[in-house]
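A short worksheet on the structure shown next.
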Amino acid sequence: MLRILWLLVFVVITGLMFAQMVPVEIVNEAEDSTGRLLVTKFRDVIRSSPSYTITYASDEPHFKIKIDTMDRWKGDPENEGFSTIYNYTILLSYDGSDTYCYNQLGYAGRDTLDRIAYSFYSDLDEFIEAFRAILVNYLEE
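And the structure:
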């Protein structure tokens, strides 16, 4: 039974990985204004990409990027709003089930949000390319 399940997951993932545009769902869990701005900038990077498309369909296989943030200086009136702590997680999602792939924890100042949004994109792209290479090698064996 487990073998059949893995075969099914493999077939779904293979179809997803070799699609023309890879569907990506962005889950915004930002608690602060700087974090919401970071999520918006990342969403804009995905929208402008020729490789990825934003999806809202939970029944089709897709990558899900969950971004959680909180104000780095919450409660400090002099510094609040200047920096955010973020955690983003890359998940493979299909039919309501998520499979963990990767995550990153860090912080970003308001003046570095563009760079951080592009680093999220770069991490996603590198992960997907590495995953594709593994699938190609597996299929060639």
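Numbering (my numbering), first residue to last: 10 to 150. Using N, Cα and C, we set each Cβ at its ideal position, and we do this for glycine too.
Is it right to say residue i is buried, meaning 16 or more other beta carbons lie within 10 angstroms of its own, or is it exposed?
i, result
"LEU122", "buried"
"THR186", "Lying before the first or after the last residue shown, residue 186 is absent from the chain, which here runs from 10 to 150."
"SER57", "exposed"
"ARG124", "exposed"
Residue i to residue j, Cα distance in whole Å?
i, j, result
"ILE94", "PRO32", "26 Å"
"ASP85", "MET79", "13 Å"
"ALA139", "GLN29", "17 Å"
"TYR130", "LYS73", "13 Å"
"TYR111", "SER67", "20 Å"
"PRO59", "ASP41", "30 Å"
"PHE91", "TYR116", "11 Å"
Considering residue i, what are the terminal residues of the alpha helix (DSSP H) in which it resides?
i, result
"LYS83", "From DSSP, LYS83 is part of no alpha helix (DSSP H); its letter is neither H nor E."
Counting along the chain, where does the beta strand (DSSP E) carrying residue i start and finish?
i, result
"SER92", "92-103"
"ASP107", "106-118"
Check the C-beta distance from residue i over to residue j and give it rounded, since I have them as a contact under 8 Å.
i, j, result
"VAL36", "ALA126", "Actually they do not touch by this definition, with Cβ atoms about 15 Å apart."
"GLU34", "TYR65", "7 Å"
"PHE136", "ILE76", "Not really, about 15 Å apart at Cβ, beyond 8 Å."
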